[in-house]
Ligand code: FSO
Ligand code: SF4
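In the numbering used here, the protein residues as written are 5 to 547.
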């Protein structure tokens with residue numbers, strides 16, 4: 005195996021024996037095989053679409069297939085093998101669709117494609133076959149390969165957000181068309197570095213659409229988030245802990261647990277759920293338990309109730325809680341019960357049969373500062389900027405992870421001057437969201453915008469502030485200090501670059517899949533810089 009798609013890549017270069025994330029070589033090979041199959045499916049679906057032939061069966065499959073290859077999502081070899089087989093069926097379907105459409109429009113037989121992913125058919129041994137399709141296969145030139153990887157990881161990240169949006173009934177055919185087109189491009193040996201740079205920027209653009217769809221899906225179903233204090237303690241009684249990003253899954257669980265004497269807690273990226281009127285109305289949505297995803301091995305054994313992961317980031321479960329752990333959606337772990345659809349009776353039964361959660365006191369943290377809430381007090385914020393009470397905004401956001409270098413983000417937040425406001429989103433905020441930052445004239449100094457996909461809200465806030473001050477986003481007293489871990493962060497970065505946002509500071513380390521030449525390109529065009537120390541970066545930003 006060789007994988008370097010996330011920030012945990014072994015030795016900063018790549019995992020080649022077993023993933024630091026826990027991905028076994030057979031799972032890595034199956035994911036590589038699946039990606040190869042998806043490239044072939046995209047190739048024919050894109051060609052068919054150009055001839056006016058489409059099939060909605062490809063949409064969901066492409067999204068779910070890409071999502072299954074994202075870091076910390078699907079570790080289940082049997083499930084992945086099944087997805088590869090389905091991929092082969094759909095790829096054949098796409099090929100037939102293209103050939104029929106070609107014959108119909110041109111009156112002659114379609115050309116055949118004998119090399120690479122378009123020619124892929126699954127072998128009897130999918131693991132051995134998958135071992136042949138590694139990253140090295142993507143392109144012979146290291147710099148081009150680097151940008152092809154940026155595109156592929158961007159597609160994976162976008163697919164994960166598209167999946168949540170799709171579950172809420174929000175789709176866009178242009179996004180599907182782009183996924184097909186981009187996958188087809190990865191099969192084209194004629195394309196060069198700038199072709200993939202442009203496709204990557206386009207991926208960022210389409211991801212903005214996807215995050216907008218997801219935001220609309222959340223708001224239409226659950227209302228705009230409102231500032232809400234969330235308790236991090238626990239109540240005595242039965243409990244279910246929900247981890248991941250999918251709000252629809254949480255809503256269905258809340259409906260099914262109502263009146264059953266079960267307290268439902270959020271974990272990790274589910275924390276922002278407490279701010280949505282349509283979810284907080286459930287009195288048994290009790291509080292938030294634990295820290296960010298990388299602390300689960302330490303924290304989940306302490307939660308005696310049932311636990312369900314509806315998306316990343318799942319890690320190898322200890323035996324102490326494996327039998328009360330469930331997965332849902334694209335997330336899976338071998339031997340852990342996977343819930344299909346929205347019937348959570350098995351999870352509820354497990355919670356009722358498990359020991360009670362003990363009463364424990366916790367801190368209160370404030371969530372719910374989506375763009376609607378922040379822009380609702382825009383007059384106050386603008387006034388505070390104009391009279392000098394607020395001098396700077398820092399967006400300290402992104403993923404958390406296990407590396408010690410991530411203390412940078414805690415230190416940075418602690419050192420931000422008192423006349424500055426911190427906007428935050430995604431799971432990296434657990435590094436500092438229990439600290440007391442106080443307020444500036446009633447405006448909290450720490451504003452939690454939400455999940456990683458709520459980068460959409462952060463963009464709306466930045467654009468509105470730029471409008472109010474009649475300047476560009478890059479001219480605002482706003483600095484972005486981002487942390488990345490996996491492919492969702494890659495696509496958010498592409499969205500920010502597509503919007504022309506410059507001077508981003510990125511850490512804790514730069515992606516192993518970016519070559520020095522590609523990094524130079526990013527520095528020259530976007531002035532991206534790796535983080536250094538909190539002191540030095542703050543000094544540089546504030547001059
Ligand atoms: Fe974190 Fe994991 Fe939300 Fe990621 S829980 S690391 S970028 O999956 O998606 O922020
Ligand atoms: Fe390693 Fe990350 Fe790939 Fe897992 S996803 S194998 S940790 S690079």
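We put the CB at the ideal spot given by N, CA and C, even for glycine.
A quick note: this is a predicted structure, and the numbers were derived from the prediction, not measured.
Which whole-angstrom value describes the C-beta separation of residue i and residue j, a residue pair presumed to lie in contact below a C-beta threshold of 8 angstroms?
{"i": "residue 197", "j": "residue 246", "result": "With a Cβ gap of about 43 angstroms, residue 197 and residue 246 do not count as contacting."}
{"i": "residue 241", "j": "residue 265", "result": "6 angstroms"}
{"i": "residue 412", "j": "residue 535", "result": "6 angstroms"}
{"i": "residue 287", "j": "residue 218", "result": "Contact doesn't hold; Cβ gap of about 26 angstroms is too wide."}
{"i": "residue 452", "j": "residue 371", "result": "5 angstroms"}
{"i": "residue 12", "j": "residue 24", "result": "4 angstroms"}
Excluding five sequence neighbours on each side, which residues of the same chain lie with their C-beta closer than 7 angstroms to the C-beta of residue i?
{"i": "residue 107", "result": "113, 114"}
{"i": "residue 355", "result": "242, 243, 244, 266, 309, 310"}
{"i": "residue 410", "result": "404, 435, 487, 512"}
{"i": "residue 518", "result": "150"}
{"i": "residue 393", "result": "423, 444, 445"}
Which residue from the options puts its Cα closest to that of residue i?
{"i": "residue 278", "options": "385, 303, 251", "result": "251"}
{"i": "residue 147", "options": "181, 201, 173", "result": "201"}
{"i": "residue 328", "options": "471, 400, 348, 225", "result": "348"}
{"i": "residue 359", "options": "367, 393, 311", "result": "311"}
{"i": "residue 211", "options": "184, 165, 228, 224", "result": "165"}
{"i": "residue 314", "options": "33, 283, 171, 411", "result": "171"}
{"i": "residue 136", "options": "145, 155, 39", "result": "39"}
{"i": "residue 555", "options": "507, 542, 546", "result": "Only positions 5 to 547 of the chain appear in this structure, which leaves residue 555 out of reach."}
{"i": "residue 85", "options": "121, 36, 96", "result": "36"}
{"i": "residue 522", "options": "477, 125, 542, 153", "result": "153"}
{"i": "residue 289", "options": "273, 318, 257, 317", "result": "257"}
{"i": "residue 532", "options": "540, 30, 510, 493", "result": "510"}
{"i": "residue 515", "options": "502, 497, 421", "result": "497"}
{"i": "residue 318", "options": "335, 305, 306", "result": "335"}
{"i": "residue 353", "options": "437, 526, 260", "result": "260"}
{"i": "residue 421", "options": "430, 407, 406, 449", "result": "449"}
{"i": "residue 440", "options": "430, 429, 425, 388", "result": "425"}
{"i": "residue 427", "options": "392, 463, 407, 406", "result": "463"}
{"i": "residue 191", "options": "102, 214, 167, 41", "result": "41"}
{"i": "residue 66", "options": "177, 298, 131", "result": "177"}
{"i": "residue 155", "options": "525, 475, 526, 491", "result": "491"}
{"i": "residue 92", "options": "125, 61, 100", "result": "125"}
{"i": "residue 30", "options": "83, 55, 17", "result": "83"}
{"i": "residue 167", "options": "385, 64, 467", "result": "64"}
Give the straight-line distance between the Cα atoms of residue i and residue j, rounded to the nearest whole angstrom.
{"i": "residue 78", "j": "residue 232", "result": "33 angstroms"}
{"i": "residue 303", "j": "residue 269", "result": "13 angstroms"}
{"i": "residue 443", "j": "residue 504", "result": "31 angstroms"}
{"i": "residue 89", "j": "residue 482", "result": "48 angstroms"}
{"i": "residue 142", "j": "residue 403", "result": "27 angstroms"}
{"i": "residue 383", "j": "residue 377", "result": "12 angstroms"}
{"i": "residue 50", "j": "residue 205", "result": "19 angstroms"}
{"i": "residue 322", "j": "residue 381", "result": "45 angstroms"}
{"i": "residue 59", "j": "residue 538", "result": "51 angstroms"}
{"i": "residue 470", "j": "residue 179", "result": "28 angstroms"}
{"i": "residue 338", "j": "residue 80", "result": "5 angstroms"}
{"i": "residue 292", "j": "residue 254", "result": "13 angstroms"}
{"i": "residue 486", "j": "residue 104", "result": "48 angstroms"}
{"i": "residue 548", "j": "residue 194", "result": "A question about residue 548 goes unanswered here, because the residues of the chain that appear run from 5 up to 547."}
{"i": "residue 340", "j": "residue 472", "result": "51 angstroms"}
{"i": "residue 222", "j": "residue 400", "result": "23 angstroms"}
{"i": "residue 133", "j": "residue 173", "result": "36 angstroms"}
{"i": "residue 73", "j": "residue 445", "result": "46 angstroms"}
{"i": "residue 110", "j": "residue 500", "result": "42 angstroms"}
{"i": "residue 175", "j": "residue 184", "result": "15 angstroms"}
{"i": "residue 3", "j": "residue 271", "result": "For residue 3 there is no data in the structure shown, the boundaries of the chain being 5 and 547."}
{"i": "residue 28", "j": "residue 6", "result": "11 angstroms"}
{"i": "residue 208", "j": "residue 161", "result": "10 angstroms"}
{"i": "residue 26", "j": "residue 15", "result": "15 angstroms"}
{"i": "residue 34", "j": "residue 130", "result": "7 angstroms"}
Counting only the same chain and skipping the five closest in sequence on each side, list residues whose C-beta sits under 8 angstroms from that of residue i.
{"i": "residue 343", "result": "312, 330, 331, 332, 350, 351"}
{"i": "residue 541", "result": "416, 485, 509, 535"}
{"i": "residue 419", "result": "538, 539, 542"}
Between residue i and chain B, is there a C-beta pair that is closer than 8 angstroms?
{"i": "residue 525", "result": "Within the model displayed, chain B is absent; a lone protein chain is all it includes."}
Excluding five sequence neighbours on each side, which residues of the same chain lie with their C-beta closer than 6 angstroms to the C-beta of residue i?
{"i": "residue 188", "result": "46, 47, 50"}
{"i": "residue 102", "result": "48, 51, 52"}
{"i": "residue 273", "result": "249, 431, 455"}
Indicate, with yes or no, if the ligand COA has a heavy atom lying under 7 angstroms from the CB of residue i.
{"i": "residue 455", "result": "Looking for the ligand COA in the displayed structure turns up nothing; the ligands present are the ligand FSO and the ligand SF4."}
Item to check | Whole alpha helix (DSSP H) elements within the stretch 303-345, 4-residue minimum | outcome: List check, alpha helix (DSSP H) in window: 323-326.
Item to check | Inside the stretch 241-269 only - beta strand (DSSP E) runs reaching at least 3 residues | outcome: Runs found: 242-247.
Next on the checklist: Ignoring anything shorter than 3 residues, give me the beta strand (DSSP E) runs that lie fully in the stretch 483-530, in order along the chain.
Outcome noted: Fully enclosed beta strand (DSSP E) runs of 3 or longer: 509-511.
Next on the checklist: Please give me, in chain order, every unbroken run of the beta strand (DSSP E) with length at least 3 that falls completely inside the stretch 350-410.
Outcome noted: Runs of the beta strand (DSSP E) lying entirely within the stretch 350-410, each at least 3 residues long, are 368-371, 396-402 in chain order.
Checklist entry - Which full runs of the alpha helix (DSSP H) of 4+ residues lie inside the stretch 11-68, going along the chain? => result Secondary structure in the stretch 11-68: the alpha helix (DSSP H) runs of 4 residues or longer, each lying completely within the stretch, are 29-54 in chain order.
Checklist entry - Could you give the uninterrupted runs of the beta strand (DSSP E) lying entirely in the stretch 202-240, keeping only those of 3 residues or more? => result DSSP runs (the beta strand (DSSP E)) wholly in the stretch 202-240: 232-235.
Item to check | Whole beta strand (DSSP E) elements within the stretch 429-479, 3-residue minimum | outcome: As far as the stretch 429-479 is concerned, its whole beta strand (DSSP E) runs of at least 3 residues are 450-454.
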